[in-house]
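> Residue numbers (the working numbering): 227 to 998.
Yeah, the Cβ is synthetic: ideal placement off N, Cα and C, and Gly gets one too.
On a predicted model such as this, the values are computed, not experimentally measured, just so you know.
Below is the structure I would like to discuss, written out as structure tokens.
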């Protein structure tokens, strides 16, 4: 990864053909009229550090096509067509954040102060103004100078609102300044930079003109309805379309045309003309047990409703657009597992993971709770406020009392806590009764002001913090106390160590610390086969077995290939990449024809380059078909460096070195700082006997990214192969120094040091590093 601050949304890299002539975003040089897709609205640059003047002659850029070609043919009719029959639901939706997820910039939608407001950031003064019904932001463009950009769309409403402007090639870009829409009493009603504590300038991967802030790829499909990204790699141009600017009725229910036909004709049809029926809560009564907790009166949820929510409310890679309503979730997306840096070893969100992965770990999900048990699906609001929501299933006399939460019964103080995780007390010095969410749903803040709760509904485990140095909810509130203090308090309350539904924390922690340890592999095998555990935890255990390719691990993976859950089948496939695929091809080949796209394309990726003719003619045909599907799936993200890099990998494995080289070069044109491509292309040059080209490439990479250990290590190895051993020693030393946790770097450097300068090699038991 080129920059540790930037965690990519799509963990699986992307494929496409090499780009031909990428468009470079240059600062505007004049006030001439621009076609909507060619450039953002801008005027001639002013003097260094000064604002550019607006030009009234500048054409107003257009956004994406608001009625995609064939929208009606695809069966999408718009939310307003739902209102006559579903007036209550439609009215609730109209006031929701879904309905306002993206809007045209207007007096009715813009919340920010555009009346001449100014904000200083990174040594420049940025301006927000309003003129002739249009909204403008003067900020630093791709050249680092100040330019004036017209705001075309608002993005979100609470607790912040962002703003979109047009970029080259049909792009929309999210500006770095957001309006804090919270009340002034809570610190809101102000402009702030999304990276306030950093100095993000032009050329940085987090700058608003960079790919990481591109609406078409990063944001569109979850803020609008029936989105197609429409990227043309050869022209480096987006033709992104939607059927509705916001998240409308059809964003969850699918196209409504057939349902309208059914409503008119009233023909017998159990589906009522809908792609998906959300009927999991129907006749699902909850009975309060003597223990004080409710029990669902029918079999647990089939997952239909949660899957629909997960299409956006999850950390995932998009496999196909538009989303296929009613199809398995993994037909459209590939879910991120419980891996770093997205989750801590206990499965609590670390980076922004958008709820679903956390909820799937919970005892509540296992019991059949669905999203709409707590959230009214049309308005998006909670069905009850505060602890009252939890009391709908958990008897307050049993749980909302000091005997359970071990804090003073001070409801006024609990209700006064404005910030999740913060203590407040009506009586000075008295501890406040925590809200249920304070202890069971750890809160983290993203984008500066957006507080999100982990949906794992966990028992607080400060004992794990003591052993593993991970966060816990007790010291989230009692920030001045050590984890050991909290562990002792819980032990005193319960008379035993705390326990919880999620039992995999310590195994995952050990797997991260010692991924190839045979003892850890045995523990992972047990987790993977324990059907009482959440599927996402079992899948994480399966994927983690990649680091320990043993016979015992292989037996577990082979069994998982036949699991009914596609998440486990896909995870098992990914782990098989550590094995001799020729020997196990017959085991994995059937999944090339799996009914779920996410499994098929992973099988294609893993088996690419394997000759399946020895298995069967059908297996070879299935591989060809699945590879085509995989490539088509990945071309969707052809605007990303990951795309070109992954294409290079697959072309290399399938014996197409010329195509692989072109793909790698295209990746570096897309993102010159993408480290994996330098390493992979240099390795391709090694295979082709072109190590001189590899050395030159890696030197360019190190010049651009001098602190990247992978580049330095690869350069050192390439120099050794070229016979320049004295030159190799320094980059190998720097790589080992920068990444002391990489045993491979340490071993190679020590070997080189011993071979070239025996007298300077570290003595046994001494630190391995030393400047030659």
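By the DSSP assignment, the alpha helix (DSSP H) with residue 625 in it spans what residues?
Run containing residue 625: 622 to 625, per the alpha helix (DSSP H) assignment.
> Run the CB neighbour count on residue 800, radius 10 Å, all protein chains shown included, and call it buried at 16 or more, exposed below.
So residue 800 counts as buried.
> Would you give the residue range spanned by the alpha helix (DSSP H) that residue 946 belongs to?
It spans 935 to 947 - the alpha helix (DSSP H) in which residue 946 sits, taken as one unbroken run.
> Quick check: what's the CA-CA separation for residue 190 versus residue 350?
Outside the shown range of the chain (227 to 998) lies residue 190, about which nothing can therefore be said.
> Alpha carbon to alpha carbon, how far is residue 833 from residue 870? Give it in angstroms, no decimals.
Going by the C-alpha atoms only, they are around 19 Å apart.
> Residue 471: which of 611, 458 and 328 sits nearest, CA to CA?
Ranking 611, 458 and 328 by Cα distance to residue 471 puts 328 first.
> Using only CA atoms, which one of 402, 939, 672 and 465 lies nearest to residue 968?
Per the Cα distances, 939.
> Are the CB atoms of residue 935 and residue 945 nearer to each other than 7 Å?
Against a cut-off of 7 Å, the Cβ pair of residue 945 and residue 935 comes out as no contact.
> Please classify residue 509: is it buried, with 16 or more other beta-carbons within 10 angstroms of its beta-carbon, or exposed?
Under this definition residue 509 is an exposed residue.
> Taking the CB atoms as reference points, tell me whether residue 676 and residue 584 lie closer together than 7 Å.
Result no, Cβ atoms of residue 676 and residue 584 do not sit closer than 7 Å.
> If we count the other Cβ atoms within 10 Å of its Cβ and call it buried at 16 or more, is residue 295 buried or exposed?
Here the model assigns residue 295 a pLDDT of 48, short of 50, so the residue's position is not dependable, and the following value carries that caveat. When all chains shown are included, residue 295 counts as exposed.
> What are the start and end residues of each continuous alpha helix (DSSP H) run of 4 or more residues lying completely inside the stretch 835 to 869, in chain order?
Taking only runs of at least 4 residues, the alpha helix (DSSP H) segments lying wholly in the stretch 835 to 869 are 843 to 861.
> Taking a contact to mean a Cβ-Cβ separation below 7 Å, would you say residue 465 touches residue 572 in this structure?
It is not a contact, given that the beta carbons lie outside the stated cut-off.
> List the endpoints of the continuous beta strand (DSSP E) containing residue 347.
From DSSP, the beta strand (DSSP E) with residue 347 extends over 343 to 347.
> Which residues mark the beginning and the end of the beta strand (DSSP E) in which residue 578 is found?
Note, residue 578: premise wrong, no beta strand (DSSP E); not H, not E.
> Check whether the Cβ atoms of residue 303 and residue 523 lie closer than 7 Å to each other.
No, Cβ-Cβ distance for residue 303 and residue 523 is not below 7 Å.
> Using DSSP with H/G/I as helix, E/B as strand and the rest coil, what is residue 637?
Residue placement at residue 637 cannot be trusted, given a pLDDT of 40 that sits under 50; what the coordinates show is reported in the next sentence. In the structure shown, residue 637 sits in a helix (DSSP, three-state: H, G or I).
> Please state the DSSP three-state secondary structure of residue 442.
The answer is helix: DSSP assigns residue 442 an H, G or I state.
> Need the endpoints of the beta strand (DSSP E) that residue 328 sits in, please.
Per DSSP, residue 328 belongs to the beta strand (DSSP E) from 328 to 330.
> With H, G and I counted as helix, E and B as strand and the rest as coil, what does DSSP make of residue 563?
DSSP places residue 563 in coil when its eight states are reduced to three.
> Per DSSP, which one or two residues make a beta bridge with residue 669?
The partner list for residue 669 (beta bridge, DSSP) reads 679.
> Where does residue 980 land, buried or exposed, given buried means 16+ other C-beta within 10 angstroms?
Looking at its Cβ environment, which holds fewer than 16 other Cβ atoms inside 10 Å, residue 980 is exposed.
> So residue 899 packs on residue 431, CB below 8 Å; how close in whole Å?
Sure, about 7 Å apart at Cβ, within 8 Å.
> Between the alpha carbons of residue 859 and residue 829, how many angstroms are there, rounded?
Those two C-alpha atoms are separated by around 13 Å.
> For residue 358, name the three-state secondary structure that DSSP assigns.
The answer is coil: DSSP assigns residue 358 none of H, G, I, E or B.
> Span of the alpha helix (DSSP H) holding residue 912?
901 to 913 is the span of the alpha helix (DSSP H), which, as asked, contains residue 912.
> Could you check which residue in 458, 729, 607 and 633 has the C-alpha nearest to that of residue 320?
Closest option to residue 320, Cα to Cα, is 607.
> How about the stretch 336 to 346 and the stretch 499 to 519: do they share at least three Cβ pairs that are nearer than 8 Å?
The stretch 336 to 346, when compared against the stretch 499 to 519, does not touch it at the 8 Å Cβ threshold.
> With which residues is residue 406 paired in a DSSP beta bridge?
Residue 406 is bridged to 386 and 416.
> Around the Cβ of residue 473, are there at least 16 other Cβ atoms within 10 angstroms (buried) or fewer (exposed)?
Residue 473 should be labelled buried.
> Using 10 angstroms around the beta-carbon of residue 772, count the other beta-carbons present and answer buried if the total reaches 16, otherwise exposed.
Label assigned to residue 772: buried.
> Identify the residues that DSSP records as bridge partners of residue 569: which are they?
Its beta-bridge partners are 575.
> Within 10 Å of its beta-carbon, does residue 849 have 16 or more other beta-carbons around it, so buried, or fewer, so exposed?
Residue 849 comes out buried.
> With burial defined as no fewer than 16 other Cβ atoms inside 10 Å of the residue's Cβ, what is the status of residue 455: buried or exposed?
Classification for residue 455: buried.
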